[in-house]
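Protein sequences appear in the order of chains D and H.
The first sequence runs 0 to 188 under numbering that gives the first Met the number 0.
The second sequence runs 0 to 188 under numbering that gives the first Met the number 0.
Glycine included, each C-beta is placed from N, C-alpha and C at the ideal position.
All of these numbers come straight from a predicted model, not from anything done at the bench.
Report on the following structure.
Protein chains: 2
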Amino acid sequence: MKHIRTNLSDADTRREAIVEAALLAFADAGFQATPVTAVAVRAGISQAYVFKLFPTKEELFIAAVERCFTRIEETLEKSARTVSSGDADAILYAMGDGYASLIADRSILMIQVHAQSASDVPAIRATMRGGLKRIVTYVKQRTGASDEAVQRFIAFGQLCHLITTTDIDELGEDWARLVARGIRHVPAI
Amino acid sequence: MKHIRTNLSDADTRREAIVEAALLAFADAGFQATPVTAVAVRAGISQAYVFKLFPTKEELFIAAVERCFTRIEETLEKSARTVSSGDADAILYAMGDGYASLIADRSILMIQVHAQSASDVPAIRATMRGGLKRIVTYVKQRTGASDEAVQRFIAFGQLCHLITTTDIDELGEDWARLVARGIRHVPAI
DNA sequence: ATGGTGAGTGAGTGACTACTCACTAGTCAG
DNA sequence: CTGACTAGTGAGTAGTCACTCACTCACCAT
Chain D
0 MKHIRTNLSD ADTRREAIVE AALLAFADAG FQATPVTAVA VRAGISQAYV
50 FKLFPTKEEL FIAAVERCFT RIEETLEKSA RTVSSGDADA ILYAMGDGYA
100 SLIADRSILM IQVHAQSASD VPAIRATMRG GLKRIVTYVK QRTGASDEAV
150 QRFIAFGQLC HLITTTDIDE LGEDWARLVA RGIRHVPAI
Chain H
0 MKHIRTNLSD ADTRREAIVE AALLAFADAG FQATPVTAVA VRAGISQAYV
50 FKLFPTKEEL FIAAVERCFT RIEETLEKSA RTVSSGDADA ILYAMGDGYA
100 SLIADRSILM IQVHAQSASD VPAIRATMRG GLKRIVTYVK QRTGASDEAV
150 QRFIAFGQLC HLITTTDIDE LGEDWARLVA RGIRHVPAI
């Protein structure tokens with residue numbers, strides 16, 4: 000199939016589109032189980048061209064993870080701006096809400112879970128560490144909350160991931176309600 | 000290579016050994032990235048025989064995950080027995096310590112992370128849900144702690160996983176200390 | 001002896017997939 | 001017009017891996 004377009008998009012635009020496609024594709028089945036072809040199809044280009052812009056699958060995945068963390072930072076920042084007072088707990092709460100709605104579509108969440116699982120690859124582990132560092136330092140500095148509160152924020156974020164990957168929020172059983180209690184939800188679109 | 004042994008072990012013993020080998024093998028690189036051959040080598044038998052006892056790789060992985068949850072339950076129960084008082088918080092604390100030493104060798108922890116990542120496979124997701132259910136109901140019933148305390152217990156368990164997969168406990172930086180603060184460690188053997 | 005049975009394997013096979021490469025086609029400066 | 005450049009692809013290749021199958025060997029009951 001030929002792509003007929005009057006004005007060709009340049010490589011940087013393509014890179015953006017590919018990273019976006021990779022975020023969605025890798026979120027489905029993870030680093031190992033997602034063929035690069037799946038990313039290419041989503042981006043509407045050939046697999047060969049994906050490899051021209053991202054020399055290895057690993058680099059592509061890492062770009063997607065990096066993008067994921069950037070998106071989280073943006074969301075936290077936006078959430079923080081909605082709070083007029085400087086109250087640490089109020090800002091932290093708003094950030095929690097913001098994160099909850101960000102991960103409503105699952106891909107941002109799943110990429111993190113997959114990256115954690117693939118963290119035996121040194122570069123992926125390093126990316127995870129870097130992303131976590133960015134988020135923790137940003138939350139601490141921006142909210143001014145106590146170390147304990149920030150730690151708790153991260154811990155319950157992880158709990159959120161567990162709840163979503165196992166689908167226990169759709170379960171209705173007692174133990175499931177216990178685990179998911181108070182976790183804020185925005186229903187998937 | 001021939002296995003010369005006077006008394007052949009029966010299939011059930013072999014199954015045990017294979018599950019144990021699978022736990023270690025899959026912990027290294029996860030469900031997708033670990034070839035069944037790796038499990039066979041660890042168990043000291045041929046790959047063909049692994050497939051005779053576990054018809055698919057998926058069933059093998061699930062057996063390993065199940066075994067992981069069983070091990071966790073045993074550990075929690077043993078920890079609970081060390082507490083003479085019936086104080087909920089004391090038992091929960093002991094369980095936390097027990098879990099921390101259980102995951103010191105990483106394989107029990109990594110299997111969970113990998114299973115979470117592979118939870119787009121329905122049977123694996125179901126196994127995760129089942130394991131979580133067993134643990135949550137056991138902890139709640141055995142400690143008699145509040146729902147909030149049990150939820151917190153699970154959340155900080157997940158935080159533990161994040162800390163270990165990203166190696167941030169060996170980092171020494173401020174943000175890393177914040178995240179890992181108070182998480183109990185038993186140094187790896 | 002003989003034939004059945006359970007434990008175990010060597011040697012495939014077919015499918016998939018990361019990555020490569022030689023190539024086409026549009027665009028534009030001179 | 002030409003030649004360099006950029007965007008993009010079709011058709012591979014080499015390697016890996018889940019799973020299969022025909023087989024061997026030890027043991028045992030008759």
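* Asked: Rounded to a whole number of angstroms, what is the C-alpha to C-alpha distance between D:I44 and H:H113?
  -> 31 angstroms
* To the nearest angstrom, report how far apart H:A60 and H:A39 are at their CA atoms. => Reading off the sequence, residue 60 of chain H comes out as Phe, not Ala. Near 13 angstroms, if we compare the C-alpha coordinates of H:A39 and H:F60.
* Asked: Considering only residues of the same chain and omitting the five flanking positions on each side of H:M109, which have a CB-CB separation below 6 angstroms?
  -> Counting only Cβ-Cβ distances below 6 angstroms, and skipping sequence neighbours, we find A26.
* Measuring only between beta-carbons, confirm whether D:A178 sits less than 8 angstroms from chain H. => The sequence shown places Val at residue 178 of chain D, not Ala. It does: the Cβ of D:V178 has a partner Cβ on chain H nearer than 8 angstroms.
* Interface partners of H:T165 on chain D, CB under 7 angstroms -> S118, R124, M127, R128, L131
* **Proximity of D:A63 and D:L22 at Cβ, strictly below 8 angstroms** => yes
* **Beta-carbon separation (whole angstroms), D:A191 vs D:A87, contact threshold 8 angstroms** => With chain D represented from 0 up to 188, any question about residue 191 of chain D goes unanswered, as that position is not in the structure.
* To do: Give the straight-line distance between the Cα atoms of H:V138 and D:D104, rounded to the nearest whole angstrom.
  => 31 angstroms
* Can we say the segment 6-20 of chain H touches the segment 52-59 of chain H, given the rule of at least three CB pairs closer than 8 angstroms? -> Yes, since at least three Cβ pairs between the segment 6-20 of chain H and the segment 52-59 of chain H fall closer than 8 angstroms, the two stretches touch.
* **CB-CB length for H:T33 against D:Q115, believed under 8 angstroms** => H:T33 to D:Q115, Cβ: 16 angstroms. No contact.
* Quick one: what does DSSP say H:F30 is sitting in, helix, strand or coil? -> helix
* **Length-filtered (4 minimum) alpha helix (DSSP H) runs lying within the segment 61-125 of chain D** => 87-101, 106-116
* **Assigned exposure category for D:K132 - 16 Cβ within 10 Å defines buried** => buried
* Asked: Counting only beta-carbon atoms, is H:L158 nearer than 8 angstroms to chain D?
  -> yes
* Asked: Is H:G143 near the ligand PLP, going by C-beta to nearest heavy atom under 7 angstroms?
  -> Looking at this structure, you won't find the ligand PLP or any other ligand, since it has none at all.
* Which chain H residues sit within Cβ distance under 8 angstroms of D:L161? -> Q115, L131, I153, Q157
* Asked: To the nearest angstrom, how far is it from the Cα of D:I167 to the Cα of D:A179?
  -> About 8 angstroms.
* In three-state terms, what does DSSP make of D:I44? -> coil
* Less than 8 angstroms separating the beta-carbons of H:D96 and H:S78? -> yes
* Whose C-alpha, out of H:A125, H:E172, H:Y98, H:I17, is nearest the C-alpha of H:I153? -> H:Y98
* The alpha helix (DSSP H) with H:T165 in it runs from where to where? -> Counting along the chain, H:T165 falls outside any alpha helix (DSSP H), and DSSP gives it neither H nor E.
* Asked: Does the beta-carbon of D:T74 have 16 or more other beta-carbons within 10 angstroms, so that it is buried, or is it exposed?
  -> buried
* Asked: Would DSSP call D:A175 helix, strand or coil?
  -> helix
* To do: Kindly list the residues whose CB is nearer than 8 angstroms to the CB of H:Y48, restricted to its own chain and excluding five residues on each side of it in sequence; keep chain order.
  => R13, A39
* Would you list, in chain order, the members of the segment 10-30 of chain D that have their beta-carbon closer than 7 angstroms to a beta-carbon of chain H? => D27, A28, G29
* Asked: Contact check, D:D146 vs H:L161 under 8 angstroms by CB: the rounded distance?
  -> So it is not a contact: roughly 16 angstroms between Cβ atoms.
* To do: Less than 8 angstroms between the CB atoms is what I'm expecting for D:E182 and D:T142, so what's the real figure, rounded?
  => Per the sequence shown, residue 182 of chain D should be read as Ile rather than Glu. Contact flag wrong, Cβ pair sits at about 19 angstroms.
* Just mark H:G156 as buried or exposed, buried being the case when its beta carbon has 16 or more other beta carbons within 10 Å. => A residue is called buried once 16 or more other Cβ atoms fall within 10 Å of its Cβ, and H:G156 is buried on that count.
* Among D:V18, D:T69, D:C67, D:E72, which has the Cα closest to the Cα of D:K56? -> D:V18
* **Coarse secondary structure for H:I182, derived from DSSP in three states** => coil
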